[in-house]
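Chemist:
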Amino acid sequence: MAAKTARTGKSSRAGSRPSDSLTAEQLTDMYTKMNHIRAFEEKVAYFFSRGMIHGTTHLYIGEEATAVGALAPLSDKDLITSTHRGHGHTISKGIDLNRMMAELLGRSNGYCKGKGGSMHIADLSRGNLGANGIVGGGIPIAVGAALTLKMRKQDQVVVSFFGDGALNEGSFHESVNLASVWDLPVVFVCEDNQYGMSMSRHKSINLDDLADRAKAYGIPGKTIDGQNVFEVYDAMVEAIDQAKKTGPVLLVSETYRYMGHSKSDANRYRTKEEINEWKKRDPIAILRAEILRRGTADEKTLDGIEAQTREDIEAAVRFAEEAGEPDVNDIINDVYA
Amino acid sequence: MSSAKQKDGAATGVREITYAEAIREAMSEEMRKSDDVFLMGEDVGVYGGAFGVSVGMVDEFGEDRVRDTPISEAVIVGAATGAAVTGMRPIAEIQFSDFITIGMDQLVNQAAKIRYMFGGAANVPMVIRAPAGSGTGAAAQHSSSMEAWYTHVPGLKVVTPSSPYDAKGLLKSAIADPNPVVFLEQKLLYRVKGPVPEEEYTIPLSSSEVKREGDAVTVVTWGRMVNRCLEVADELSREGIEMEVVDPRTLMPLDEGPIVASAKKTGRVLIVHEAVQTGGYGGEIAARIADSEAFYYLDAPIKRLGALDVPVPYNPVLEANVVPTHEKITAAVRELVQ
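Protein chains in written order, with my numbering: chain U, 4 to 340; chain R, 1045 to 1382.
See the structure below:
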């Protein structure tokens, strides 16, 4: 199947977009985070290919603009729930890369002390309520977190990420409905990366525009170009404002994962041509071109950032490798508080 | 011992209230103490809950803290989880315990595992309250006793109170507990009255209690079967057979000390529960006793008496005979002490 061309933004009103006012520092931060995600995952992919990490992993490469664009407008106090493909959200929300890499390597100094791995990294101190191994599993939790915010009258928002596959889970339906009837401050961000494992979303959902799902819950819904970090950012600024004022919003970010679903994926369900077509609109390249166009940083600076992000990942690997394996006696701890 | 407390309390104000009222008091007292505690569930507001447990609470606490939800068990459990992780202490009522299955992913894969998966970095202080058990003519999908399912999930605590006194004291501890607690109420006990002190008290979770002392046989039982076993005990006492009845009250984590001690004392053990026998928690208790030093004191094989391995039937005669009856319990005790 040919790649469905990602939609272009409808929200753009020339000269009035929030992303027009992004500072040089903010742009640099976005560029750094997108490169951190990619460098982190390229290292993880390498480790897997060498058998140096066990289990499985779900890589986010190609989708970086969604996590970075969606979370750039958030404050540290805002909350997120993430997915099995969660490295991008985790890095975007702000994380200690060292402890994150250590967790993937199963080390005692990892975020979960080696008990969670790739799919269960959380950092409650930074509002990250966790990645999640169950498709749609984090959405009800996001609604509960938003209930806390509403009951405590806290001026914050919850962003709940999930994929196109989760749109067919009951937890999605129940959660969006409850958030809607209770006017909870949640932005539901569907990352439509075109496939639920091998299942094309065109075969699993009989809608051209997935944001139409929002109509069923009486909330605003919008589909955006997930390869363009500026469009994601602009849509999120608006969605966060709406979520705080009137209740939940559904954003559908059209994007694409370059890698397989997980490490066992032989890509039998899609063509090289399709993958290459999407790579022409690489999110990091789009951001880089715009930074250069605006002149907030030059080629040399951006190259330096890329090199630094790769070095940061190498440092994270060293941090992880310096730590020991978890103590076997720790297996039984942390079940109950 | 609750009986001692009840006797002590008699001088300082004990009234007879129902099991449902005791639960309502526990929730209301905790909600008065902390704004973090709130109740949500289907029809818990003006309707007062399907069994009337929360009648009147919305008048005191308002719709914000006594929240009617849509019929959406997955998000009821999941939203409770999310609220708990972010600092609230939700009590979620699931209208019939059978319906917890609809929220099972959120309970089993989320609430129960979050703390462990995150390496201890999260607390999940929530209570799922749900009426369990048969006897109301509601047939197979509204009558199950599935406590064994939850005991098989590390991270969950499972509480099965058998009296108004226990229900109130244990629920207050469950609400205060930093872990997810499945609090299984007995729908046939809701209107049963018992002595409950006026003054505040709590009962720690994981505290088995000897409900009746005896030397002939130990009967370990919980929930609705406790009263039935106590009735049998009174009858058999006239024949000189003194049953010791032990109620674990919390199945997970289990306080096995009083159970093992009783088994050592009597040397004969019968385990009675309303849940189906195969795969029931009685098997776990039997194994715990067999694994303990009590094994060397046993004069007979450990016996289990659970419900027949069938869904709960509708017809009242069939329904009454699916669970351990008075007669079956009596016969099982007689057989053990022979």
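All C-beta atoms in this analysis are idealised placements derived from N, C-alpha and C, irrespective of residue type, glycine included. As the structure is a computational prediction, the values presented were derived from the model and not from experiment.
K1309/R by DSSP, collapsed to three states: which one?
Modeler: If you number the second sequence from 1, residue 1309/R lands on position 265. Helix at K1309/R.
Chemist: Tell me whether E1275/R sits in a helix, a strand or coil according to DSSP, three-state version.
Modeler: For this step, residue 1275/R is matched to residue 231 along the second sequence. Secondary structure at E1275/R: helix, using DSSP grouped into helix, strand and coil.
Chemist: Run through the stretch 1083-1113 of chain R for me and flag every whole alpha helix (DSSP H) of 4 or more residues, listed as ranges in chain order.
Modeler: 1101-1105
Chemist: Going by C-alpha to C-alpha distance, which of L152/U, M200/U and I243/U sits closest to V192/U?
Modeler: As a working mapping, residue 192/U is identified with position 189 in the first sequence. Looking at the Cα atoms, I243/U is the closest of the given residues.
Chemist: By Cβ distance, which residues of its chain are closer than 6 Å to V89/U, with the 5 residues on each side in sequence left out?
Modeler: By one-based count along the first sequence, residue 89/U stands at place 86. Looking at the sequence itself, residue 89/U is Gly, so the reference to Val does not match. So the list reads A134, once near-sequence residues are dropped.
Chemist: Listed in chain order, which residues of the stretch 95-127 of chain U have Cβ atoms closer than 9 Å to some Cβ of chain R?
Modeler: When CB distances to chain R are screened at a threshold of 9 Å, the residues of the stretch 95-127 of chain U falling below it are E106, G113, Y114, C115, K116, G117, K118, G119, G120, M122, H123, I124, A125, D126 and L127, in chain order.
Chemist: Residues in the same chain with beta-carbon distance under 6 Å from V1152/R, minus the five sequence neighbours each way, listed in chain order, please.
Modeler: Here residue 1152/R corresponds to residue number 108 of the second sequence, with the count starting at 1. Contacts found: V1197.
Chemist: Do you know offhand how far R1268/R's Cα is from A182/U's?
Modeler: The sequence position of residue 1268/R within the second sequence is 224, counting from 1. The sequence position of residue 182/U within the first sequence is 179, counting from 1. One C-alpha to the other measures close to 37 Å.
Chemist: If we count the other Cβ atoms within 10 Å of its Cβ and call it buried at 16 or more, is V1090/R buried or exposed?
Modeler: Looking up residue 1090/R in the second sequence gives position 46. It is exposed - the Cβ of V1090/R has fewer than 16 other Cβ atoms within 10 Å.
Chemist: Could you name the residues of the same chain whose beta carbon sits closer than 8 Å to that of H1370/R, not counting the 5 residues immediately before and after it, in chain order?
Modeler: Translated into positions along the second sequence, residue 1370/R becomes position 326. Correct list, in chain order: R1272, E1275 and V1276.
Chemist: Which one of L108/U, E172/U and D81/U has the shortest CA to CA distance from Y49/U?
Modeler: Looking up residue 49/U in the first sequence gives position 46. That would be L108/U, whose Cα lies nearest to the Cα of Y49/U.
Chemist: If contact is defined by three or more beta carbon pairs under 8 Å, each pair taking one atom from either stretch, is the stretch 1156-1172 of chain R in contact with the stretch 1186-1201 of chain R?
Modeler: yes
Chemist: Count the other C-beta atoms from every protein chain shown that fall within 10 angstroms of the C-beta of R297/U, then say buried if there are 16 or more, exposed otherwise.
Modeler: Walking along the first sequence from the start, residue 297/U turns up at place 294. The residue in question, R297/U, is exposed, as its Cβ has fewer than 16 Cβ neighbours within 10 Å.
Chemist: If contacts are defined as beta-carbon pairs under 8 Å, then D1299/R and V1270/R qualify, I think. What distance do you get, rounded to the angstrom?
Modeler: The count along the second sequence starts at 1 and reaches residue 1299/R at position 255. The count along the second sequence starts at 1 and reaches residue 1270/R at position 226. No, D1299/R and V1270/R are not in contact; Cβ-Cβ is about 16 Å, not under 8 Å.
Chemist: Taking Cβ-Cβ distances below 9 Å as the criterion, which residues of the stretch 1111-1128 of chain R are in contact with chain U?
Modeler: R1111, T1113, P1114, S1116, E1117, A1118, V1119, I1120, V1121, G1122, A1123, A1124, T1125, G1126, A1127 and A1128
Chemist: Would you say V146/U reaches chain R, if we count a Cβ-Cβ gap shorter than 8 Å as a contact?
Modeler: Mapped onto the first sequence, residue 146/U falls at position 143. Chain R, which has a Cβ nearer than 8 Å to the Cβ of V146/U, makes this yes.
Chemist: May I ask you to list, following chain order, the residues of the stretch 1130-1150 of chain R that have a beta carbon less than 9 Å from some beta carbon of chain U?
Modeler: T1130, G1131, M1132, P1134, I1146, G1147, D1149 and Q1150
Chemist: State the Cα-Cα distance for the pair L127/U and R1235/R, rounded to the nearest angstrom.
Modeler: As a first step, residue 127/U is located in the first sequence; it is residue number 124 there, counting from the start. As a first step, residue 1235/R is located in the second sequence; it is residue number 191 there, counting from the start. Going from the Cα of L127/U to the Cα of R1235/R covers about 43 Å.
Chemist: Going residue by residue through the stretch 167-224 of chain U, where are the continuous alpha helix (DSSP H) segments of at least 4 residues, counting only ones entirely within it?
Modeler: 173-184 and 204-207
Chemist: Opposite R1173/R in the DSSP bridges: which residues?
Modeler: Here the question's residue 1173/R lines up with position 129 in the second sequence. DSSP output for R1173/R lists E1137/R and F1227/R as bridge partner(s).
Chemist: Is the stretch 1213-1225 of chain R touching the stretch 1243-1258 of chain R, taking contact as three or more C-beta pairs under 8 Å?
Modeler: As far as the Cβ criterion goes, the stretch 1213-1225 of chain R touches the stretch 1243-1258 of chain R, which means the pair count is three or higher.
Chemist: For V1088/R, tell me which candidate among E1074/R, I1115/R and R1076/R has the shortest Cα-Cα distance.
Modeler: As a first step, residue 1088/R is located in the second sequence; it is residue number 44 there, counting from the start. Nearest of E1074/R, I1115/R and R1076/R to V1088/R, Cα basis: I1115/R.
Chemist: Note down, in chain order, each residue of its chain lying with its Cβ closer than 6 Å to the Cβ of D81/U, except the 5 sequence neighbours on either side.
Modeler: Numbered from its first residue, the first sequence carries residue 81/U at position 78. Answer for D81/U: G130, Q159 and V160, listed in chain order.
Chemist: At a CB-CB cut-off below 8 Å, which residues of chain R make contact with N336/U?
Modeler: Translated into the one-based positions of the first sequence, residue 336/U becomes position 333. Chain R residues near N336/U: G1164.
Chemist: Would you kindly report the start and end of the unbroken alpha helix (DSSP H) that includes L1349/R?
Modeler: The residue given as residue 1349/R occupies position 305 in the second sequence. Counted as a single uninterrupted DSSP element, the stretch harbouring L1349/R is not any alpha helix (DSSP H) but the beta strand (DSSP E) occupying residues K1347 to A1351.
Chemist: Would you say S85/U reaches chain R, if we count a Cβ-Cβ gap shorter than 8 Å as a contact?
Modeler: Mapped onto the first sequence, residue 85/U falls at position 82. By this cut-off, S85/U is not an interface position.
Chemist: Smallest Cα separation from K248/U: which of H264/U, N279/U and L152/U?
Modeler: As a first step, residue 248/U is located in the first sequence; it is residue number 245 there, counting from the start. The candidate whose alpha carbon is nearest that of K248/U is L152/U.
Chemist: List the DSSP bridge partners of L1314/R.
Modeler: Counting from 1 along the second sequence, the entry for residue 1314/R is found at position 270. Looking at the DSSP assignment, L1314/R forms a beta bridge with V1263/R and K1347/R.
Chemist: Output the boundary residues of the alpha helix (DSSP H) element that contains S52/U.
Modeler: Here residue 52/U is taken as the residue at index 49 of the first sequence, counted from 1. S52/U: member of the alpha helix (DSSP H) spanning A27 to S52, first to last residue.
Chemist: If we cut at 8 Å on Cβ distances, does G54/U have a partner in chain R?
Modeler: The sequence position of residue 54/U within the first sequence is 51, counting from 1. No, its Cβ sits nowhere closer than 8 Å to a Cβ of chain R.
Chemist: Who pairs with P1241/R in a beta bridge, going by DSSP?
Modeler: Position 197 of the second sequence, counted from the first residue, corresponds to residue 1241/R. DSSP output for P1241/R lists V1058/R as bridge partner(s).
Chemist: Among D1353/R, V1304/R and G1147/R, which one has its Cα closest to the Cα of G1323/R?
Modeler: Stepping through the second sequence from its first residue, residue 1323/R is reached at position 279. Nearest C-alpha to G1323/R: D1353/R.
Chemist: Flag this pair as yes or no: are the beta carbons of I308/U and T26/U separated by less than 8 Å?
Modeler: On the first sequence, position 305 is the one that residue 308/U refers to. On the first sequence, position 23 is the one that residue 26/U refers to. In this structure, T26/U does not lie closer than 8 Å to I308/U by Cβ.
Chemist: Any chance you could list the beta strand (DSSP E) runs of at least 3 consecutive residues sitting entirely within the stretch 1145-1214 of chain R, in chain order?
Modeler: 1171-1176 and 1201-1203
Chemist: Does chain R have any CB closer than 8 Å to the CB of T151/U?
Modeler: Start at 1 with the first residue of the first sequence, and residue 151/U comes out as number 148. Answer yes: the Cβ-Cβ gap between T151/U and chain R drops below 8 Å somewhere.
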